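**Q** Respectively, the protein sequence lines represent chains A and B. Its first residue numbered 4, the first sequence is counted upward by one per residue in our numbering. Its first residue numbered 129, the second sequence is counted upward by one per residue in our numbering.
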Amino acid sequence: MAAATDWSERSRELAQLLARAGLGDRAAFATLYERTSAHLFGVVLRIQRDRAQAEDILQEVYVNVWRSAQGFDAAQSQPLTWLTSIARNRAIDGLRRAQTQPQIQGVASSGDDEHEDPDVYDSVADDRAGPLELLSRAADARALAACMQGLSAQQRQSVALAFFDGLSHAEVAEQLRQPLGTVKSWVRRALLALRSCLENAVQRDAAAG
Amino acid sequence: MDYSRPELADRLAADYVTGTLRGPARRRFEALLPAHANLRAAVRGWQDRLMPLTATIPPQRPSPQLWQRIEARIGGAAAPAPAAAPARGWWAQLAFWRGLAALATVAALSLAVLLAAPGPAQPPIIVVMNATTPPAGTAPGAIVPASFVASISGDGRAVVTRPLTGVSVEADRALELWAIAGSNAPRSLGLISANAATVVRRGRLPAGTDALAVSLEPPGGSPTGTPTGPVLFVGRLGT
Numbered sequence: 004m005a006a007a008t009d010w011s012e013r014s015r016e017l018a019q020l021l022a023r024a025g026l027g028d029r030a031a032f033a034t035l036y037e038r039t040s041a042h043l044f045g046v047v048l049r050i051q052r053d054r055a056q057a058e059d060i061l062q063e064v065y066v067n068v069w070r071s072a073q074g075f076d077a078a079q080s081q082p083l084t085w086l087t088s089i090a091r092n093r094a095i096d097g098l099r100r101a102q103t104q105p106q107i108q109g110v111a112s113s114g115d116d117e118h119e120d121p122d123v124y125d126s127v128a129d130d131r132a133g134p135l136e137l138l139s140r141a142a143d144a145r146a147l148a149a150c151m152q153g154l155s156a157q158q159r160q161s162v163a164l165a166f167f168d169g170l171s172h173a174e175v176a177e178q179l180r181q182p183l184g185t186v187k188s189w190v191r192r193a194l195l196a197l198r199s200c201l202e203n204a205v206q207r208d209a210a211a212g
Numbered sequence: 129m130d131y132s133r134p135e136l137a138d139r140l141a142a143d144y145v146t147g148t149l150r151g152p153a154r155r156r157f158e159a160l161l162p163a164h165a166n167l168r169a170a171v172r173g174w175q176d177r178l179m180p181l182t183a184t185i186p187p188q189r190p191s192p193q194l195w196q197r198i199e200a201r202i203g204g205a206a207a208p209a210p211a212a213a214p215a216r217g218w219w220a221q222l223a224f225w226r227g228l229a230a231l232a233t234v235a236a237l238s239l240a241v242l243l244a245a246p247g248p249a250q251p252p253i254i255v256v257m258n259a260t261t262p263p264a265g266t267a268p269g270a271i272v273p274a275s276f277v278a279s280i281s282g283d284g285r286a287v288v289t290r291p292l293t294g295v296s297v298e299a300d301r302a303l304e305l306w307a308i309a310g311s312n313a314p315r316s317l318g319l320i321s322a323n324a325a326t327v328v329r330r331g332r333l334p335a336g337t338d339a340l341a342v343s344l345e346p347p348g349g350s351p352t353g354t355p356t357g358p359v360l361f362v363g364r365l366g367t
């Protein structure tokens, strides 16, 4: 499965639904909800683990999408990217520091504080896929795979905790028991490496095509 | 801070999209977005790069009640089944007009002026109709080309449509041109060709016509007298 390719294809299907919803077509909006709500709910639930609160957030997301659908510009962004961004923003805005605490439980029991265990978070008993596992699935897309390989284990883990689970820099630092400055620079370097690698991949594709 | 510095803009945008920009700093950044195109472009870039990563998160079905709550919030019962027709015509919705404003390229002259003072000296009105969705494969950021130009004769009695770009229509489908006046139901102007100029003569355009639209219909045109298929192109008259 190529995640990034699949993403573009799904987005093309959604562009017309979104355009029609923007014209006030409720049936199109119902279909849009049908096709996207499980994805967006999955995204929101990673960040806000309380189901009732996550549903409240999702409700606001779709009300917001209905009201702003006519402002969606298909030439500027892909529908799925736009929708997911709105959902993540709402979920992050809904976070309070205290509510993120349960996400860290169970990690502090390790007696080996000095040892860097890149899979420490994934070892937490949980039926959810760990953030690193999600990254490796994304890496099925070839360009991302090559780009992810260029990152160190700490960089990968920092960016995965922040992006998938909505942890702040300080929370990632606490989780990994690393100084805040170190974590900030890991996240930053990981993002820059990802970007330059993806840009190179796009240029290679353009040259090949 | 000087937000026009590319490096700073990029760092803030990356933190914002990743989600590590928090609290007052996040709200400040959001407040800056409407006024700073470079920040918006940086945010879009990071969204394009990072959001596909979420495709790997297992989907989770929300409870069935959630859709009912959303329906209640957006006012009125939406049809739950995708195939069901909307209860009211989409043209009657205010949102349609906001959509037109966003989608349509606005022609320079107003038909209202023309209808108030018809005369042989009036120049034709040109209406540029754009696709409501970009063609498949359009790259993000690409400009969507106009698909049809309609010229309305000076006396409002004839409309000539010309396709600007290749419009592919399945053999069992036809394109129908509609005049839209306010919140009234669209008035059919007739079928138009997808690949050649078509002269449409239908007496005079309805008074108050402020937009033209093209919908996809069965061969022979809409059986109901109102658009039944998706609206593919729209163009607005007036200023």
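Idealized CB from N, CA, C, for every residue including glycine. Model, not experiment: these values are computed from the prediction.
Cα separation between residue 154 of chain B and residue 61 of chain A?
**A** Distance between the alpha carbons of residue 154 of chain B and residue 61 of chain A: 20 Å.
**Q** For the stretch 160-191 of chain B, which residues have a beta carbon sitting closer than 7 Å to at least one beta carbon of chain A?
**A** If the cut-off is 7 Å between Cβ atoms, the stretch 160-191 of chain B has 172, 175, 176, 177, 178, 179, 180, 181, 182, 183, 184, 185, 186, 187, 188, 189, 190 and 191 near chain A.
**Q** Let me make sure I understand the geometry here. Which of B:149, B:306 and B:260 has the alpha-carbon closest to that of residue 17 of chain A?
**A** Of the listed residues, the one whose Cα sits closest to residue 17 of chain A is B:260.
**Q** Quick check on DSSP: helix, strand or coil for residue 318 of chain B?
**A** The answer is strand: DSSP assigns residue 318 of chain B an E or B state.
**Q** For the pair the stretch 12-30 of chain A and the stretch 63-73 of chain A, tell me if three or more CB-CB distances fall below 8 Å.
**A** With a cut-off of 8 Å, the stretch 63-73 of chain A and the stretch 12-30 of chain A count as touching, because enough Cβ pairs lie within range.
**Q** Return the CA-CA distance between residue 232 of chain A and residue 252 of chain B, expressed in angstroms with no decimal places.
**A** A query on residue 232 of chain A cannot be resolved here, the shown segment of chain A reaching from 4 to 212 and no further.
**Q** Counting contacts by CB-CB distance shorter than 7 Å, is residue 194 of chain B in contact with chain A?
**A** Output row for residue 194 of chain B: interface = yes.
**Q** Where DSSP assigns a beta bridge to residue 257 of chain B, which residues make up the other side?
**A** Answer is B:276.
**Q** Taking Cβ positions only, does residue 202 of chain B come closer than 7 Å to chain A?
**A** For residue 202 of chain B, the answer is yes, since a Cβ of chain A falls inside 7 Å of its Cβ.
**Q** Since residue 297 of chain B is in the alpha helix (DSSP H), which residue starts that stretch and which ends it?
**A** Looking at the DSSP string, residue 297 of chain B is not in any alpha helix (DSSP H), and its letter there is neither H nor E.
**Q** How would you list, in chain order, the residues of chain A whose beta-carbon sits under 9 Å from the beta-carbon of residue 142 of chain B?
**A** The answer, in chain order, is 190, 191, 194, 195 and 198.
**Q** Between the C-alpha atoms of residue 151 of chain A and residue 278 of chain B, what's the straight-line distance to the nearest angstrom?
**A** Between residue 151 of chain A and residue 278 of chain B, the C-alpha separation is close to 51 Å.
**Q** Please classify residue 147 of chain B as buried or exposed, where buried requires at least 16 neighbouring CB atoms within 10 angstroms.
**A** Burial call: buried.
**Q** Measuring CB to CB, does residue 167 of chain A end up less than 7 Å from residue 137 of chain A?
**A** Yes, the Cβ-Cβ distance between residue 167 of chain A and residue 137 of chain A is below 7 Å.
**Q** Assuming residue 98 of chain A contacts residue 50 of chain A (C-beta within less than 8 Å), just tell me the rounded distance between them.
**A** Contact flag correct, Cβ pair sits at about 7 Å.
**Q** Taking just the CA atoms, how far does residue 19 of chain A sit from residue 287 of chain B?
**A** Cα to Cα, the separation comes out at about 28 Å.
**Q** How many angstroms separate the CA atom of residue 164 of chain B from the CA atom of residue 194 of chain A?
**A** Going by the C-alpha atoms only, they are around 22 Å apart.
**Q** So residue 343 of chain B is in the beta strand (DSSP E); what residue range does that whole segment cover?
**A** Run containing residue 343 of chain B: 337-345, per the beta strand (DSSP E) assignment.
**Q** For residue 326 of chain B, which residues in the same chain have their Cβ closer than 6 Å to its Cβ, ignoring the five residues on either side in sequence?
**A** Result list for residue 326 of chain B: 289 and 320, in chain order.
**Q** Is residue 147 of chain B close to chain A? Criterion is C-beta to C-beta, closer than 7 Å.
**A** Yes, residue 147 of chain B counts as interfacial toward chain A.
**Q** Using the rule of at least 16 other Cβ atoms within 10 Å of the residue's Cβ for burial, across every protein chain shown, is residue 258 of chain B buried or exposed?
**A** Buried, since its Cβ has 16 or more Cβ neighbours within 10 Å.
**Q** Alpha carbon to alpha carbon, how far is residue 358 of chain B from residue 31 of chain A? Give it in angstroms, no decimals.
**A** Their Cα atoms are separated by approximately 10 Å.
**Q** When DSSP labels each residue in this structure, what does residue 291 of chain B get in the three-state scheme?
**A** Of the three classes helix, strand and coil, the one that applies to residue 291 of chain B here is strand, per DSSP.
**Q** Could you compute how far the alpha carbon of residue 350 of chain B sits from the alpha carbon of residue 306 of chain B?
**A** If you take the alpha carbons of residue 350 of chain B and residue 306 of chain B, they lie about 11 Å apart.
**Q** Any beta-carbon of chain A closer than 7 Å to the one on residue 133 of chain B?
**A** With 7 Å as the cut-off, residue 133 of chain B does not count as an interface residue toward chain A.
**Q** In its own chain, which residues sit with a C-beta less than 6 Å from the C-beta of residue 343 of chain B, not counting the 5 before and 5 after it?
**A** Result list for residue 343 of chain B: 304, 355, 357 and 359, in chain order.
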